[in-house]
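A.B. asks: Numbering (the numbering used here), first residue to last: 3 to 306. A single structure is presented below for examination.
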């Protein structure tokens, strides 16, 4: 398996899912409209939808033939995409499991959750600690409709859903406070979402603002698409400009590591998601995929 997937410049525009990405042309506030999740989204089964394509690549069942066809075409022109999506998902499960089992975390803020599949954050956490409380955040009404229907909590715990954009941390924090106690540690999950914020400084600012609101002893679990090849980033950017697609920006492992500035990174640091604590394997580490991530703790205050 190669370190990165290769872009293919003649991919048809309708095969590149962009309906679930932040829209700079939407007036401020629309992504955080209280009424939006309550209105049933119009579903056209003949048009591929990004969340359903991702669900298909993960082996889920909440997708239509158009999504499966588009997913197959994307996988054909981006070799390793299926492996990347599944290793990324498995990484999330391992992070949540570690936080619940080893760190005693009982609150999770999962931003950019996507459609429910298997081993969602609340399922992994509540399997270990039924009293766990989870808030999911997404800016796609379709995702939230599915979440309300499928992501049900244990009686001892809680699940809530916030309709907001990752670039609106104040709204996220305000709404999440209905369910989470920010005076206690929280597991902040930013999985595959910051690539949708192309400006690196803005992405770091969003991350910092969210972390600032969390208690010492909280954790940041993060992964995102990665590459060390500037030509690859430029090829993606050029393709997106040519097709009017909202950009997804893969970053270098060094840039992804900077999201953890000021935190205490747990071993093995920022690595390919497939190689982050994969457990005991008979044939060594899996091949790397073009997605890097890590887990870090917000430091406790030092004694005077």
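Think of the CB as a built atom: it goes at the ideal place given N, C-alpha and C, for glycine as much as any other residue.
Flag this pair as touching only if the segment 86-97 and the segment 119-133 have three or more C-beta atom pairs under 8 Å; answer yes or no.
C.D. replies: yes
A.B. asks: Only counting runs of 4 or more residues, tell me where the alpha helix (DSSP H) segments fall wholly within the segment 46-91, in order along the chain.
C.D. replies: 52-59, 67-79
A.B. asks: For the alpha helix (DSSP H) containing residue 214, list its first residue and its last residue.
C.D. replies: The residue given as residue 214 occupies position 212 in the chain shown. Segment 202-214, the alpha helix (DSSP H) holding residue 214.
A.B. asks: Using CA coordinates, which residue listed in 156, 220, 144, 267 is at the minimum distance from residue 164?
C.D. replies: Mapped onto the chain shown, residue 164 falls at position 162. When only C-alpha atoms are compared, the closest one is 144.
A.B. asks: Taking only three categories from DSSP, how would you classify residue 300?
C.D. replies: Looking up residue 300 in the chain shown gives position 298. If DSSP states are grouped into helix, strand and coil, residue 300 belongs with coil.
A.B. asks: By Cβ distance below 6 Å, which residues in the same chain neighbour residue 196 in space, the five residues on each side in sequence not counted?
C.D. replies: Position 194 of the chain shown, counting from 1, holds the residue named residue 196. Correct list, in chain order: 205, 226.
A.B. asks: Pick helix, strand or coil for residue 267, following the three-state DSSP scheme.
C.D. replies: The residue given as residue 267 occupies position 265 in the chain shown. In the structure shown, residue 267 sits in a strand (DSSP, three-state: E or B).
A.B. asks: May I have the straight-line CA-CA distance separating residue 220 from residue 289, to the nearest angstrom?
C.D. replies: The residue labelled residue 220 in the question sits at position 218 within the chain shown. The residue labelled residue 289 in the question sits at position 287 within the chain shown. Cα to Cα, the separation comes out at about 30 Å.
A.B. asks: Compare the Cα-Cα distances from residue 173 to each of 261, 113, 117 and report the closest residue.
C.D. replies: As a position in the chain shown, residue 173 is number 171, starting the count at 1. For the residues 261, 113, 117, the minimum Cα distance to residue 173 belongs to 113.
A.B. asks: So for residue 189, helix, strand or coil by DSSP?
C.D. replies: Counting from one through the chain shown, the residue named residue 189 turns up at place 187. Residue state, collapsed to three classes: strand.
A.B. asks: Could you give the distance in angstroms between the alpha-carbon of residue 245 and the alpha-carbon of residue 231?
C.D. replies: One-based indexing of the chain shown puts residue 245 at position 243. One-based indexing of the chain shown puts residue 231 at position 229. With a pLDDT of only 41 at residue 245, under the threshold of 50, the placement of this residue in the model should not be trusted; the figure read from the coordinates follows. Going from the Cα of residue 245 to the Cα of residue 231 covers about 22 Å.
A.B. asks: In this structure, how does DSSP classify residue 94 when only helix, strand and coil are distinguished?
C.D. replies: Locating residue 94 in the chain shown gives position 92, counting from the first residue. Helix at residue 94.
A.B. asks: For residue 113, which of helix, strand or coil comes out of DSSP?
C.D. replies: Walking along the chain shown from the start, residue 113 turns up at place 111. DSSP places residue 113 within a strand segment (E or B) once states are collapsed to three.
A.B. asks: Return yes when the Cβ of residue 117 is within less than 8 Å of the Cβ of residue 169, no when it is not.
C.D. replies: The sequence position of residue 169 within the chain shown is 167, counting from 1. The sequence position of residue 117 within the chain shown is 115, counting from 1. Cβ atoms of residue 169 and residue 117: not closer than 8 Å.
A.B. asks: Please list, in chain order, all residues of the same chain as residue 175 whose beta carbon is under 6 Å from its beta carbon, the five residues on each side excluded.
C.D. replies: Position 173 of the chain shown, counting from 1, holds the residue named residue 175. Around residue 175, the same chain offers 215 as residues with beta carbons nearer than 6 Å, after the five sequence neighbours per side are excluded.
A.B. asks: So, does the segment 296-305 touch the segment 262-276, judging by three or more C-beta pairs under 8 Å?
C.D. replies: yes
A.B. asks: Are residue 194 and residue 90 closer than 8 Å when you measure CB to CB?
C.D. replies: Residue 194 sits at position 192 when you count from the first residue of the chain shown. Residue 90 sits at position 88 when you count from the first residue of the chain shown. In contact: residue 194 and residue 90 (Cβ atoms closer than 8 Å).
A.B. asks: Given a threshold of 16 other Cβ atoms within 10 Å of its Cβ, counted over all protein chains shown, does residue 281 qualify as buried or as exposed?
C.D. replies: In the chain shown, counting from the first residue as 1, residue 281 sits at position 279. Residue 281 should be labelled exposed.
A.B. asks: Look at the Cβ atom of residue 134, then the Cβ atom of residue 106, and state whether they are nearer than 8 Å.
C.D. replies: Position 132 of the chain shown, counted from the start, is the residue given in the question as residue 134. Position 104 of the chain shown, counted from the start, is the residue given in the question as residue 106. Cβ distance not < 8 Å, so residue 134 and residue 106 don't count as in contact.
A.B. asks: What residue range is occupied by the uninterrupted beta strand (DSSP E) comprising residue 136?
C.D. replies: Here the question's residue 136 lines up with position 134 in the chain shown. Per DSSP, residue 136 belongs to the beta strand (DSSP E) from 135-140.
A.B. asks: Look at the Cβ atom of residue 258, then the Cβ atom of residue 228, and state whether they are nearer than 8 Å.
C.D. replies: For the purposes of this step, residue 258 is taken as the residue at position 256 of the chain shown. For the purposes of this step, residue 228 is taken as the residue at position 226 of the chain shown. Against a cut-off of 8 Å, the Cβ pair of residue 228 and residue 258 comes out as a contact.
A.B. asks: Which of the three DSSP states is assigned to residue 35 in this structure?
C.D. replies: Residue mapping note: residue 35 aligns to position 33 of the chain shown, counting from 1. Here the model assigns residue 35 a pLDDT of 36, short of 50, so the residue's position is not dependable and the matter cannot be decided.
A.B. asks: From residue 162 to residue 137, what distance separates their C-alpha atoms?
C.D. replies: Along the chain shown, read from residue 1 onward, the residue named residue 162 stands at position 160. Along the chain shown, read from residue 1 onward, the residue named residue 137 stands at position 135. Rounded to whole angstroms, residue 162 to residue 137 spans 5 Å at the Cα level.
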